[in-house]
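Take any residue in the sequence shown, count from 1 to its spot, add 535: that is its number in our numbering.
Just so it is clear, CB atoms sit at the ideal spot from N, CA and C, and this is done for glycine as well.
Have a look at the structure below, then the notes.
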Amino acid sequence: GEIVMIPEPKKTTACEEKVYVGKLEIKSSQIEGLEKTAELVSSRLRGEKVLPVVIEKLDGDGEKYALSVDESGVLIKATEKAVFDAFSTLSALVKADGEETYYNVCAIEDEARFSYRGFMLDVARHFQTIDTVKCVIDMLFKLKINVFHWHLSDDQGFRIALSGFEKIAEHGSKRKYSYVGGFKKAHSDNTPHEGIYSVEEIKDVLEHAKIRGVKVI
Numbered sequence: 536g537e538i539v540m541i542p543e544p545k546k547t548t549a550c551e552e553k554v555y556v557g558k559l560e561i562k563s564s565q566i567e568g569l570e571k572t573a574e575l576v577s578s579r580l581r582g583e584k585v586l587p588v589v590i591e592k593l594d595g596d597g598e599k600y601a602l603s604v605d606e607s608g609v610l611i612k613a614t615e616k617a618v619f620d621a622f623s624t625l626s627a628l629v630k631a632d633g634e635e636t637y638y639n640v641c642a643i644e645d646e647a648r649f650s651y652r653g654f655m656l657d658v659a660r661h662f663q664t665i666d667t668v669k670c671v672i673d674m675l676f677k678l679k680i681n682v683f684h685w686h687l688s689d690d691q692g693f694r695i696a697l698s699g700f701e702k703i704a705e706h707g708s709k710r711k712y713s714y715v716g717g718f719k720k721a722h723s724d725n726t727p728h729e730g731i732y733s734v735e736e737i738k739d740v741l742e743h744a745k746i747r748g749v750k751v752i
């Protein structure tokens with residue numbers, strides 16, 4: 536069988552044999568704190584069968600993993616940084632068969648070429664909702680992008696509601712207009728713009744990113 540994924544793994548083998556699965560359950564792991572990540576992938580699955588997951592830790596600071604799926608379960612061998620890439624791959628491999636989901640029996644090996652793979656969202660200039668921010672992080676997880684640059688402060692906007700800095704938040708989170716039209720033809724659109732995140736919302740985004748192995752700066 537053929538495996539088509541973005542980004543393309545370095546080495547893949549697969550066959551047409553199906554392994555039906557409704558839930559992934561970590562049976563043993565040498566890397567801690569992955570239960571919610573397994574639940575994230577399981578949220579895409581439908582059916583009754585529980586497939587055990589065994590995770591073995593590889594030495595090294597790079598992002599390298601080997602993943603295999605068969606009737607006995609899922610085996611992941613990965614460095615601590617790459618284990619999220621393996622779960623991203625598991626999420627991408629899910630196929631539907633009527634009301635049930637399955638994996639093809641397969642083996643995949645991959646290694647990140649660049650240790651820093653980043654994406655920047657500039658909410659200082661144009662505010663985005665928390666739902667939009669989370670949606671961006673979801674896409675980063677799918678594409679194995681591991682750094683989210685959340686640009687919260689600039690001269691066009693200050694987006695953090697910090698205790699003790701209420702005046703900065705009040706004045707910095709709002710503006711009467713935005714400049715549009717590019718650098719040479721910039722002009723005011725005469726449209727007010729505002730938005731700010733609470734500390735609780737920011738903590739929520741950090742937890743959302745952590746489960747997906749995305750570092751927020």
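CB contact flag (residue i, residue j, <8 Å)
{"i": "L602", "j": "V576", "result": "no"}
{"i": "Y555", "j": "Y651", "result": "no"}
{"i": "M655", "j": "H706", "result": "no"}
{"i": "F649", "j": "A744", "result": "no"}
{"i": "V629", "j": "D605", "result": "no"}
Residue i at chain B interface by Cβ criterion, 8 Å
{"i": "G707", "result": "Absent from the structure is chain B; it holds one protein chain and no more."}
Residues bridged to residue i (per DSSP)
{"i": "V715", "result": "H722"}
{"i": "L656", "result": "W685"}
{"i": "K558", "result": "V585"}
{"i": "A549", "result": "C641"}
{"i": "K750", "result": "V682"}
Pick from the options that is closest to residue i, judged by C-alpha positions
{"i": "S564", "options": "V618, V715 and R581", "result": "V618"}
{"i": "F662", "options": "L675, S688 and E543", "result": "S688"}
{"i": "I541", "options": "I590, V671, A613 and L675", "result": "L675"}
Integer Cβ distance of residue i from residue j, believed to fall under 8 Å
{"i": "I746", "j": "K571", "result": "5 Å"}
{"i": "V740", "j": "V668", "result": "6 Å"}
{"i": "D724", "j": "S713", "result": "5 Å"}
{"i": "V588", "j": "G608", "result": "6 Å"}
{"i": "R710", "j": "G692", "result": "7 Å"}
{"i": "G595", "j": "E646", "result": "About 10 Å separates the two Cβ atoms, so there is no contact after all."}
- [ ] Could you name each continuous beta strand (DSSP E) segment of 3 residues or more that falls completely within the region 575-649, going from the start of the chain to the end?
- [x] For the region 575-649, the continuous beta strand (DSSP E) assignments of 3+ residues that do not extend past its boundaries occur at 585-592, 599-605, 608-613, 630-632 and 635-646, in sequence order.
Task: Every unbroken beta strand (DSSP E) within the region 667-748, with a cutoff of 3 residues, ordered by chain - done: With a minimum length of 3 residues, the continuous beta strand (DSSP E) runs that stay inside the region 667-748 are 682-686.
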